[in-house]
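Peer 1: For reference, the structure I am asking about is given below.
2 protein chains.
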Amino acid sequence: MPVNDKAEALTHNSLLVENSRFLRACRRQAIDCTPVWLMRQAGRYMKEYRQLRECYTILEIIKTPELASEVTMQPINAFDLDAAIIFADILPPLEGMGLELDFVKGEGPAIHNPVRSAADIERLHETSPEESLWFTLEAIKLARAELDTRGLPLIGFSGAPFTLAAYAVEGGGSRNHAVVKSLMMTDPAAWHRLMEKLSNLVGQYLLAQAKAGAHALQIFDSWVGQLSPDDYRQFVMPYTRHAIDIARGAGVPIIHFGTDTNGMLELLREAGGDVIGVDWRIDLREAWTRLGDGVAIQGNLDPVALFAPWDGLRTRAQYVLDQADGRVGHIFNLGHGILPETPVENVKRLVEFVHEYTAV
Amino acid sequence: MPVNDKAEALTHNSLLVENSRFLRACRRQAIDCTPVWLMRQAGRYMKEYRQLRECYTILEIIKTPELASEVTMQPINAFDLDAAIIFADILPPLEGMGLELDFVKGEGPAIHNPVRSAADIERLHETSPEESLWFTLEAIKLARAELDTRGLPLIGFSGAPFTLAAYAVEGGGSRNHAVVKSLMMTDPAAWHRLMEKLSNLVGQYLLAQAKAGAHALQIFDSWVGQLSPDDYRQFVMPYTRHAIDIARGAGVPIIHFGTDTNGMLELLREAGGDVIGVDWRIDLREAWTRLGDGVAIQGNLDPVALFAPWDGLRTRAQYVLDQADGRVGHIFNLGHGILPETPVENVKRLVEFVHEYTAV
């Protein structure tokens, strides 16, 4: 089409994006039906992704903007989702700090030189996201070009300082996070230095993603629920807040997500975020009562419900929507990432059901 | 001593036990200071236990009443604890049902023939605890003989139906319990049959332990926090309640413990128990407000706090006690089992501190 028509179409589409269900819900504005996206919606449960993984490792995909952008679009092409999330991982920021990251087949992420002492923490580089995470920023630009033509928003994301610290110190996943919590309790000065470095990077990284084109930002504090509320308040909350404060400079909505956070929901809210993401361990009505009207809520279907026959899945999805009770500012999502063995057919039906059931 | 003196001493001691801090706290009666015991207080962090484990496997110790009783007494001999808990494991009841149980070094429990279908569930034996768990009942009698001379109470315990189902179906520990929850969501009829069998056994087993001499009973629902409140209400709560109702026939206090239960605390209470055990993920004051005055509370120090230097440990223990605020019916404990690498010296100081700090 002629240049002027193209420019006009893009302006039109950027208005569409700004008025998309997802972004309106983030701002707690009225919408035609509840928006839905799924954490880890681009991933192993899709055959398109598995095919790509036969040729490339996870890190190769993340670090090749064309591939990361392609994977970002896979679920958008397959389902009627209301937002895309850039394909990346929460751990690459740690690489830029000097940690050696690897994904071990069947075992998840591994860091070969974990942080265990004040000296280790001192050695962590203070890096800029433009330098060490350029590939995700580039992938955001490419995915934006695709999404703009459809009027769909793109979410950027980062791990929260505590969750990054958990991986950096434990050296991988952990059942009880005893090593990272021990460091926090044993050497508070070193801990605060670590969290200072991490929260600066997380804030800058989120900000850079918004500048590259992300319409919203999610901060994942996946393991924060391992802490007591009082330890969270003292050793973590100031740093999550610092990261969110930096990211707020971008002027886009921020989703603050954690699991196992029912004992500290109010504190999470205090740390910041326009949207609070909750897992399935709490009734949405109770979560909203505790959080108050000033925030939107994202969640909270148990990812395992997607393994149920349709009837069981529908009942559980309906329960979540009934709990939200049509309140303005609900974004339907899972309570944690979609599981690798999830049947694709159920994802398709779930997304359609959320839209149909909530249509006004 | 002469027979009559001995009988008199035992009567005197059984009065001491009935008026022990621990049992009085279970009944929400006033006491001189807060009682303390620690989940998994007999175990790998003690050198006496590690020495015994050089000669015997876990299952050999559990199945030899003299050894189980000896291990039960190890922490009682070392620390000023207010109750003993019989040394056993939550999984042997599954063996009696026909599941092949093993403890794999470094990996925890493994069940070689896990339950995956309605047919598997149908084949599970309905066994009596006197027949298949005689060794723990015998160990309780032996430990009682030792404890009676000291005026200390003994706690018996069992896994709750859901937690046993989780092991039976998953075949071991699990990160997200997707297999057991899938079975629950996919084949509700089979699930209800499984839970019926398990809840009968759990109830009978608890009852038998009280008859053998346990002064209180704890039901461990360690993995129940993986469920949404609504799934708990429908698929689990009736069976936990059934098990507790059977056990109540013994007339001894029942402690109902779970982790990650902050979204369903009220439901746990509804399922039963004189004492509700909570993990460290909630402030004790908030937990008690939600649970109301009608129950005692057990908890809730983060087990990792025992790795901190004394100052950090003391601060966190004091926080728990300040949250309980001297309310009648607080039993100090960890929020989950003590970790194998815990320094013994910290355990000793913690127990002393709880008594000193709360002395009236």
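Residue numbers (this note's numbering), protein chains in the order written: chain Z, 1 to 360; chain R, 1001 to 1360.
Cβ coordinates follow ideal geometry from the N, Cα and C atoms, glycine included.
Just to confirm the assignment: which complete alpha helix (DSSP H) runs, minimum length 4, are found wholly within the segment 143-216 of chain Z?
Peer 2: The segment 143-216 of chain Z contains these whole alpha helix (DSSP H) runs: 161-170, 178-186 and 188-212.
Peer 1: Taking the CB atoms as reference points, tell me whether residue 385 (chain Z) and residue 94 (chain Z) lie closer together than 8 Å.
Peer 2: Since the first residue of chain Z shown is 1 and the last is 360, residue 385 (chain Z) is not available in this structure.
Peer 1: Could you tell me whether the Cβ atoms of residue 1219 (chain R) and residue 1206 (chain R) are closer together than 8 Å?
Peer 2: Yes, the pair counts as a contact, with Cβ atoms nearer than the cut-off.
Peer 1: For residue 58 (chain Z) and residue 1090 (chain R), I'd like the C-alpha separation in whole angstroms.
Peer 2: Answer to the nearest angstrom: the Cα atoms are 39 Å apart.
Peer 1: Flag this pair as yes or no: are the beta carbons of residue 11 (chain Z) and residue 42 (chain Z) separated by less than 8 Å?
Peer 2: No. Outside cutoff.
Peer 1: My guess is that residue 1086 (chain R) and residue 1154 (chain R) are in contact by the Cβ rule of under 8 Å, so how many angstroms apart are they, rounded?
Peer 2: Their Cβ separation, rounded to whole angstroms, is 6 Å, which keeps residue 1086 (chain R) and residue 1154 (chain R) in contact under 8 Å.
Peer 1: Taking 8 Å as the threshold (beta carbon to beta carbon), is residue 1339 (chain R) in contact with chain Z?
Peer 2: So yes, residue 1339 (chain R) belongs to the interface.
Peer 1: Output, in chain order, the set of chain Z residues within a Cβ distance shorter than 8 Å of residue 1047 (chain R).
Peer 2: Going along chain Z, no residue has its Cβ under 8 Å from residue 1047 (chain R), so there is no contact; the nearest lies around 20 Å.
Peer 1: Would you call residue 967 (chain R) buried or exposed, if buried means 16 or more other Cβ atoms sit within 10 Å of its Cβ?
Peer 2: Residue 967 (chain R) lies beyond the residue range present for chain R, which begins at 1001 and ends at 1360; the question has no answer from this structure.
Peer 1: Taking residue 1260 (chain R) as the query, report the chain Z residues whose CB atoms sit under 7 Å from its CB, ordered along the chain.
Peer 2: Within chain Z, the residues near residue 1260 (chain R) are 260 and 281.
Peer 1: When burial is assigned at 16 or more other CB atoms within 10 Å of the CB, is residue 5 (chain Z) buried or exposed?
Peer 2: By the 10 Å Cβ count, residue 5 (chain Z) comes out exposed.
Peer 1: Please decide whether residue 159 (chain Z) counts as near chain R, where near means a Cβ-Cβ distance under 8 Å.
Peer 2: No, because no Cβ of chain R sits closer than 8 Å to the Cβ of residue 159 (chain Z).
Peer 1: Suppose only complete runs of 4+ residues qualify. What are the alpha helix (DSSP H) ranges in the segment 1094-1144 of chain R, listed by chain order?
Peer 2: Counting whole runs of 4 or more residues, the segment 1094-1144 of chain R contains the alpha helix (DSSP H) stretches 1118-1123 and 1129-1132.
Peer 1: Return no unless some Cβ of chain R is closer than 8 Å to the Cβ of residue 220 (chain Z).
Peer 2: Taking Cβ atoms only, chain R never reaches closer than 8 Å to residue 220 (chain Z), which makes this a no.
Peer 1: Between the segment 278-298 of chain Z and the segment 316-336 of chain Z, can you find at least three pairs of beta-carbon atoms closer than 8 Å?
Peer 2: Contact holds: three or more Cβ-Cβ distances are below 8 Å.
Peer 1: For residue 305 (chain Z), go through chain R and note every residue whose CB falls closer than 7 Å to its CB, in chain order.
Peer 2: Neighbours of residue 305 (chain Z) on chain R, chain order: 1185.
Peer 1: So what does DSSP say about residue 277 (chain Z), is it helix, strand or coil?
Peer 2: Strand.
Peer 1: In this structure, what does DSSP give as the bridge partners for residue 301 (chain Z)?
Peer 2: Residue 301 (chain Z) is bridged to Z:334.
Peer 1: List, in order along the chain, the chain Z residues whose C-beta lies closer than 7 Å to that of residue 1182 (chain R)?
Peer 2: Chain Z residues near residue 1182 (chain R): 304 and 307.
Peer 1: On the criterion of 16 or more Cβ atoms from any shown chain inside 10 Å, does residue 28 (chain Z) qualify as buried, or is it exposed?
Peer 2: Label assigned to residue 28 (chain Z): buried.
Peer 1: What are the residues that DSSP puts in a beta bridge with residue 250 (chain Z)?
Peer 2: In DSSP, residue 250 (chain Z) forms no bridge with anything.
Peer 1: Please list the partners that residue 1167 (chain R) has in chain Z, where partner means a Cβ-to-Cβ separation under 9 Å.
Peer 2: The premise fails here: residue 1167 (chain R) is roughly 15 Å from chain Z at the closest Cβ pair, so nothing lies under 9 Å.
Peer 1: In chain order, what residues of the same chain lie with their CB nearer than 6 Å to the CB of residue 129 (chain Z), ignoring the 5 residues before and after it?
Peer 2: 204, 205 and 208.
Peer 1: Cβ closer than 8 Å: which chain Z residues qualify as neighbours of residue 1238 (chain R)?
Peer 2: Those do not exist, as residue 1238 (chain R) stays about 18 Å from chain Z at its closest Cβ, beyond 8 Å.
Peer 1: In the DSSP assignment, what residue or residues form a beta bridge with residue 1256 (chain R)?
Peer 2: DSSP, once it has assigned bridges, lists R:1219 and R:1276 as partnering residue 1256 (chain R).
Peer 1: When Cβ atoms are compared, which residues of the segment 1312-1344 of chain R fall closer than 7 Å to chain Z?
Peer 2: Flagged, chain order: 1312, 1319 and 1339.
Peer 1: Just to confirm the assignment, what range does the alpha helix (DSSP H) spanning residue 1050 (chain R) have?
Peer 2: Looking at the DSSP string, the run of the alpha helix (DSSP H) that includes residue 1050 (chain R) is 1047-1053.
Peer 1: I'd like to know if the segment 127-146 of chain Z and the segment 166-176 of chain Z are in contact, where contact means that at least 3 CB-CB pairs between them fall below 8 Å.
Peer 2: Flag = no, the segment 127-146 of chain Z and the segment 166-176 of chain Z do not touch.
Peer 1: Starting from the C-beta of residue 331 (chain Z), find all residues in its chain whose C-beta is less than 6 Å away, skip the five residues before and the five after it, and write them out in chain order.
Peer 2: So the qualifying residues of the chain are 25, 35 and 298.
Peer 1: Does residue 951 (chain R) have its Cβ less than 8 Å from a Cβ in chain Z?
Peer 2: Absent from the structure is residue 951 (chain R), since the part of chain R shown begins at 1001 and ends at 1360.
Peer 1: What residues match up with residue 1042 (chain R) in a beta bridge as DSSP calls it?
Peer 2: Residue 1042 (chain R) pairs with nothing; no bridge assigned.
Peer 1: Suppose you measure from the CA of residue 1017 (chain R) to the CA of residue 1023 (chain R); what does that come to, to the nearest Å?
Peer 2: Distance between the alpha carbons of residue 1017 (chain R) and residue 1023 (chain R): 8 Å.
Peer 1: Per DSSP, which one or two residues make a beta bridge with residue 1296 (chain R)?
Peer 2: R:1275.
Peer 1: Report the option in R:1068, R:1259, R:1097 and R:1099 whose CA atom is closest to the CA atom of residue 1084 (chain R).
Peer 2: Residue 1084 (chain R) has its Cα closest to that of R:1068, out of R:1068, R:1259, R:1097 and R:1099.
Peer 1: Can a CB atom of chain Z be found closer than 8 Å to the CB of residue 1274 (chain R)?
Peer 2: Residue 1274 (chain R) does not count as touching chain Z.
Peer 1: For residue 263 (chain Z), decide whether its Cβ has a neighbour in chain R, counting only Cβ atoms nearer than 8 Å.
Peer 2: Closer than 8 Å: yes.
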